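Presented below is the structure to which this report refers.
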């Protein structure tokens with residue numbers, strides 16, 4: 002089945018510095034889309050980024066990610082972290098067809114310090 | 006428009022009980038998801054309905070977890086029998102057309118505690 006591996010636990014960065022959250026995957030199905038979800042404290046998760054196109058950079062709210070099928074990766078990056086970026090981040094992939102699945106990594110907690 | 010509604014917001018159950026969680030999706034949405042969230046495992050998909058048809062039945066969750074779409078505007082998640090390890094936040098989300106928009110609207114969740 003599908004699996005997603007992301008930077009586990011807590012990542013702490015200083016405000017203004019770059020941040021990178023790693024995500025790699027394995028899939029045996031026809032994978033349609035890849036996602037980064039963000040969940041702020043006491044809020045529900047929401048989609049931050051998504052991509053279906055190999056080697057195409059996707060951007061939103063200052064974050065960017067590029068799907069690289071050759072290395073099975075979809076890392077999340079930001080050039081300058083903000084205090085408001087502190088949240089829980091999930092990488093996920095969606096496989097379609099008759100056996101549709103949405104598979105998540107275990108989540109990475111990002112803490113941005115001043 | 007009302008968002009996704011989940012009831013109850015909090016539930017406490019004894020081990021072995023049957024509990025039913027409820028979800029009303031955004032009006033007109035065709036796709037519905039049930040998730041479980043814990044600090045250890047993170048976010049896990051339990052069920053996924055596309056136009057009321059079950060597309061994903063949760064694999065390892067199948068034996069005690071059953072989600073149903075009773076109609077296009079109401080879904081339930083039954084856990085039978087409950088175990089302490091089921092203590093988690095259960096989230097429901099809906100989408101107009103997930104395979105096209107990839108937009109999901111989440112409900113506030115039900116926090117379940119199993120003693």
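Protein chains in written order, with our numbering: chain A, 2 to 115; chain B, 6 to 120.
Even glycine gets a Cβ: it sits at the ideal position worked out from N, Cα and C.
Please read all numbers here as calculations on a predicted model, not as lab measurements.
Please confirm whether residue i has its beta-carbon closer than 8 Å to some beta-carbon of chain A.
i	result
residue 54 of chain B	no
residue 113 of chain B	yes
residue 101 of chain B	no
residue 50 of chain B	yes
residue 29 of chain B	no
Residues of chain A with CB closer than 7 Å to the CB of residue i, please, in chain order.
i	result
residue 60 of chain B	101
residue 96 of chain B	45
Starting from the C-beta of residue i, find all residues in its chain whose C-beta is less than 8 Å away, skip the five residues before and the five after it, and write them out in chain order.
i	result
residue 67 of chain A	52, 56, 57, 58, 59, 75 and 76
Would you please verify whether the beta carbon of residue i is less than 8 Å from any beta carbon of chain B?
i	result
residue 26 of chain A	no
residue 41 of chain A	no
residue 34 of chain A	yes
residue 1 of chain A	What is shown of chain A runs 2 to 115, which leaves residue 1 of chain A out entirely.
residue 75 of chain A	no
residue 91 of chain A	yes
Could you tell me whether any Cβ in chain D is nearer than 8 Å to the Cβ of residue i?
i	result
residue 10 of chain A	Among the chains of the structure shown, chain D does not appear; the protein chains present are A and B.
Got a sec? Which residues, its chain only, sit under 7 Å from residue i by beta carbon, not counting five neighbours each side?
i	result
residue 15 of chain A	114
Mapping DSSP to helix, strand and coil, what is residue i?
i	result
residue 85 of chain A	helix
residue 39 of chain A	strand
residue 106 of chain B	helix
residue 57 of chain A	coil
residue 90 of chain B	helix
residue 114 of chain B	coil
residue 161 of chain A	Residue coverage of chain A in this structure runs from 2 to 115, which leaves residue 161 of chain A outside it and unanswerable.
Mind listing the chain A neighbours of residue i? Cutoff is C-beta to C-beta under 8 Å, in chain order.
i	result
residue 46 of chain B	107
_Taking beta-carbon pairs under 8 Å, can you tell me which members of the segment 46-58 of chain A lie near chain B?_
Cβ contacts with chain B: 46, 47, 48 and 51.
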